[in-house]
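Report on the structure given below.
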Amino acid sequence: MLKKLLLLVAGLLIATSASAFSFDSSTESWMYDSGWGTGITADPTWSSSIDHTGNGGGAITSAVALQADGSGGALNYIYATPQNLSDYSLVKAYVQVDTNPIHNVGGSGYGVGARLHIKTGSGWTTYMGDWINLETADTWHELTLSLAGVPNLSDVRAIGVHIGDGGASTWSGNLFVDDVNLVPEPSSLIMLGAGLLGLIGFAARKRK
Ligand SMILES: [Ca+2]
7 MLKKLLLLVA
17 GLLIATSASA
27 FSFDSSTESW
37 MYDSGWGTGI
47 TADPTWSSSI
57 DHTGNGGGAI
67 TSAVALQADG
77 SGGALNYIYA
87 TPQNLSDYSL
97 VKAYVQVDTN
107 PIHNVGGSGY
117 GVGARLHIKT
127 GSGWTTYMGD
137 WINLETADTW
147 HELTLSLAGV
157 PNLSDVRAIG
167 VHIGDGGAST
177 WSGNLFVDDV
187 NLVPEPSSLI
197 MLGAGLLGLI
207 GFAARKRK
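Taking the numbering used here, the leading residue of the sequence shown gets 7, the next gets one more, and so forth.
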């Protein structure tokens, strides 16, 4: 009985930090953002050919062509269902491209990058994570966005992934996005853990 409860606690703690969007069988209502970003005007499709966890699931994907003149210089995916992220401290996502970017403007070294963002409140205010360089093809790149200090987390209107080239690179290839994860606040985890340990204590006393 105790062993089973401990397993349950471990399982619940793992489930709490599990992927919010695994894209293992569908696009899970992610779409392109018609209000921000050019270069693509179609929703991502679901692909079973690649999976971040390697468990044979799937990811979302689009064929993309970014131009060095700034046209078609960005692409944006969002999940635009209002949600409450107050209990979370971090958003993570994994991005992969299948072709190395080509630098062709003044040796600036500016390649193709990706970043996470959320939009909050009635004004859809945007908060963005750092750009992560996607220079290496066929490798998952981790994007993170800290939610510390972000106002209106109880009113998140969209979570998104944005890729761009700063108008300084030409790139065409396939983009894959997988495992958009929500990482809980440490305090929420501690409270959940304490609650579950209390349950175990109760069960253990009952057993005696
Ligand atoms: Ca997946």
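Glycine included, each C-beta is placed from N, C-alpha and C at the ideal position.
Euclidean distance between Cα positions of residue i and residue j
i: Ile169; j: Pro190; result: 25 Å
i: Ser95; j: Gly155; result: 9 Å
i: Met134; j: Arg121; result: 7 Å
i: Ser31; j: Ser40; result: 24 Å
i: Gly204; j: Lys9; result: 15 Å
i: Leu149; j: Asp136; result: 8 Å
i: Leu140; j: Gly127; result: 30 Å
i: Thr87; j: Trp36; result: 9 Å
i: Asp57; j: Tyr38; result: 20 Å
i: Arg213; j: Leu202; result: 17 Å
i: Gly63; j: Trp52; result: 10 Å
i: Gly60; j: Thr33; result: 17 Å
i: Val186; j: Ile196; result: 23 Å
i: Phe208; j: Pro192; result: 24 Å
i: Leu3; j: Thr132; result: Nothing can be reported for residue 3: it is not among the residues displayed for the chain, which extend from 7 to 214.
i: Trp130; j: Asp171; result: 24 Å
i: Leu198; j: Pro157; result: 24 Å
Pick from the options that is closest to residue i, judged by C-alpha positions
i: Leu151; options: Thr145, His123, Asn139; result: His123
i: Thr54; options: Asp184, Lys125, Ala26; result: It should be pointed out that residue 54 corresponds to Ser in this sequence rather than to Thr. Of the listed residues, the one whose Cα sits closest to Ser54 is Asp184.
i: Ile138; options: Val118, Ala69, Lys212; result: Val118
i: Leu188; options: Ser92, Lys212, Pro107; result: Ser92
i: Pro50; options: Gly207, Trp177, Ile84; result: Ile84
Pair within 8 Å by beta-carbon distance, residue i and residue j
i: Val101; j: His147; result: yes
i: Ala164; j: Lys125; result: yes
i: Asp144; j: Asp104; result: yes
i: Leu179; j: Val70; result: Here residue 179 turns out to be Gly, not Leu, going by the sequence shown. Contact: yes.
Mind listing which residues have their beta carbon within less than 7 Å of any non-hydrogen atom of ligand 1? Chain order is fine.
-> Ser28, Phe29, Asp30, Asp57, His58, Thr59, Gly63, Gly64, Ala65, Asp184, Asp185
Which whole runs of the beta strand (DSSP E) in the region 162-196 are 3 residues long or more, in chain order?
-> 162-170, 175-190
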